[in-house]
Amino acid sequence: MANERGWRRPRKLIVREESETSWEYGCNPRSRPVDLLMNSASVVLDKQLGPTSHDVVATFKGLTKIGRAGHTGTLVT
Amino acid sequence: MSYMHSHAKEYVGVSEFHGPVSETRIRKATKEFIGEIYQRPPVRSAVSRRLRTREVFYFDLIEMRGRRMLFKIGTESGTYVRKIVHDLGLLVGTGAHMAALRRTMDGPFVEREAHSLWDVAGALEIYRRRLDDYWLRSVFLPVEVCVSTFPSIYVKDSAVASLCHGAGLAVGGISSFEAPIAAGDVVAIKTLKGELVAMGKTVKDDSSMMRDKSGIAANVGRVVMDRGLYPKMWR
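Taken in sequence, the protein lines are chains R and B.
To convert, note that position 48 of the first sequence is 48 in this note's numbering; the numbers rise steadily by one, no gaps.
To convert, note that position 191 of the second sequence is 191 in this note's numbering; the numbers rise steadily by one, no gaps.
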C-alpha cells in the first residue's frame with residue numbers, strides 16, 4: 001500500500017555546497033516565538049457534523065482573536 | 001497562488017447501494033477505480049465542468065452491512081468521491097449514493113492529529129494564564145508542516161534576505177536540496193535552520209542545480225518569512 005501513496009515519495013538530500021548558519025537571527029521552526037508562530041500556523045480541526053466550515057472558522061477567529069484565518073478543508077464531495 | 005489545495009486526500013465514507021449486491025462483486029468493482037480515472041465535475045460544483053483525469057491511489061472496502069458499505073479512499077486533489085460512489089453503483093448494476101463522508105488525511109495532516117475547538121480554546125487559555133506554550137505548540141503547527149509534501153531547497157543565510165524581497169533563487173545561493181526535483185516543480189525554499197522562506201517554482205532540475213555555476217534555479221512565488229528576520233548581505 002505504501003508505494004501506492006503517490007504523495008509519500010522518498011527524497012534524498014543532495015548537498016551542493018556546505019554552508020554554516022548563524023544563530024544570531026532566525027530559529028528552529030519548532031522553537032519559533034509564539035507571536036511569530038501564530039502569524040502563520042496551521043491547525044488541524046476536527047469538524048463535526050452540523051456546524052459549517054464557515055461557522056467553525058468564525059468560532060476559531062473568536063477564540064484566537066486573530067484577524068486573519070481561513071480554511072483549506074472545504075469538503076467538496 | 002494557492003499551494004495548500006493541491007494535496008492528496010484520504011476519505012472514509014459510507015455508500016448506500018440501491019439494491020442487493022454481493023461483497024465480492026463490489027470488491028471486484030472497486031478495483032476498476034484505482035489508477036487514472038476520467039471525471040466530469042458534477043452540475044453543482046465550484047470548477048468548470050470539463051472532463052478531466054484524476055488519480056485514485058487506493059479504494060478499499062472496510063465493511064458491508066446490508067446495502068451499506070464503509071470504505072476508505074485515497075485520491076489526488078480534486079477527485080469527486082460522490083461521483084466515484086455513483087459510478088460504482090452503475091458498475092455493479094444497482095445504483096448507489098453516498099450516505100456519509102469524512103476526510104481523514106489532507107497532505108501531511110491526518111485525522112488522529114486533529115483537534116476540537118475545545119482543544120484550541122484550552123491551549124490558548126493555558127498559554128495566556130501560565131505562559132506555558134506546550135499545548136499551544138501541539139495545536140498550532142508551524143507553517144513548515146503544511147508544505148512538507150513539497151521538496152525543500154535549503155539556502156545559505158546570505159540568500160535569505162533577497163528572497164524575502166522577491167528575488168529569484170540563484171544556484172549560488174543553494175546549499176542543499178531534496179532530489180528528485182524537475183524543472184517546473186513547486187518547492188519549499190528554506191533556511192539551513194529549516195525555516196520556510198518562500199514557495200517557489202523551479203526553472204532548473206536537480207542535475208543542473210548541481211552542475212551549473214550561475215543562473216536562476218527557481219522563481220519565488222509566495223514569500224512567507226518576514227523581511228528583516230535575516231540581515232541583508234548583498235552589496
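Yeah, the Cβ is synthetic: ideal placement off N, Cα and C, and Gly gets one too.
Could you work out which residue in 226(B), 223(B) and 207(B) is closest to residue 217(B) when comparing CA atoms only?
207(B)
Just the C-alpha distance for residue 170(B) and residue 202(B), rounded to the nearest angstrom, thanks.
11 angstroms
Taking residue 15(B) as the reference, give the member of 197(B), 107(B), 40(B) and 81(B) with the closest Cα.
81(B)
Please state if the CB of residue 56(B) and the CB of residue 71(B) are separated by a distance shorter than 7 angstroms.
If you check the CB distance, residue 71(B) and residue 56(B) do not come in under 7 angstroms.
Report the neighbours of residue 43(R) on chain B: residues whose CB is nearer than 8 angstroms to its CB, in chain order.
115, 120, 139, 140 and 141
I'd like to know if the stretch 42-58 of chain R and the stretch 97-117 of chain B are in contact, where contact means that at least 3 CB-CB pairs between them fall below 8 angstroms.
The stretch 42-58 of chain R is in contact with the stretch 97-117 of chain B.
Helix, strand or coil: how does DSSP classify residue 142(B) here?
strand
At a cut of 8 angstroms, does the stretch 13-24 of chain R reach the stretch 152-160 of chain B through at least three beta carbon pairs?
yes
Residue 58(B) and residue 74(B) - do their beta-carbons sit closer together than 7 angstroms?
Yes, they are a contact pair.
Presumed contact (8 angstroms Cβ cut-off) between residue 177(B) and residue 209(B), rounded CB distance
Sure, about 6 angstroms apart at Cβ, within 8 angstroms.
Can residue 221(B) and residue 200(B) be called in contact, C-beta distance under 7 angstroms?
Cβ distance < 7 angstroms, so residue 221(B) and residue 200(B) count as in contact.
Could you tell me which chain B residues have their CB closer than 8 angstroms to the CB of residue 15(R), listed as they occur along the chain?
By Cβ distance, chain B contributes 175 and 176.
Only counting the same chain, and skipping five residues up and downstream in sequence, which positions put a Cβ closer than 7 angstroms to that of residue 62(B)?
70, 71 and 72
When the Cα atoms are used, what is the spatial distance from residue 119(B) to residue 67(B)?
37 angstroms
What do you get for residue 233(B), buried or exposed, if any count of 16 or more other CB atoms within 10 angstroms of its CB means buried?
exposed
Would the stretch 23-42 of chain B and the stretch 99-112 of chain B be scored as touching if the rule is three or more Cβ pairs under 8 angstroms?
no
Anything in chain B within Cβ reach of residue 26(R), meaning under 7 angstroms, just list it in chain order.
191, 193, 195, 229 and 230
DSSP on residue 26(R), reduced to helix/strand/coil?
coil
Indicate the three-state DSSP secondary structure (helix, strand or coil) for residue 65(R) in the structure shown.
coil
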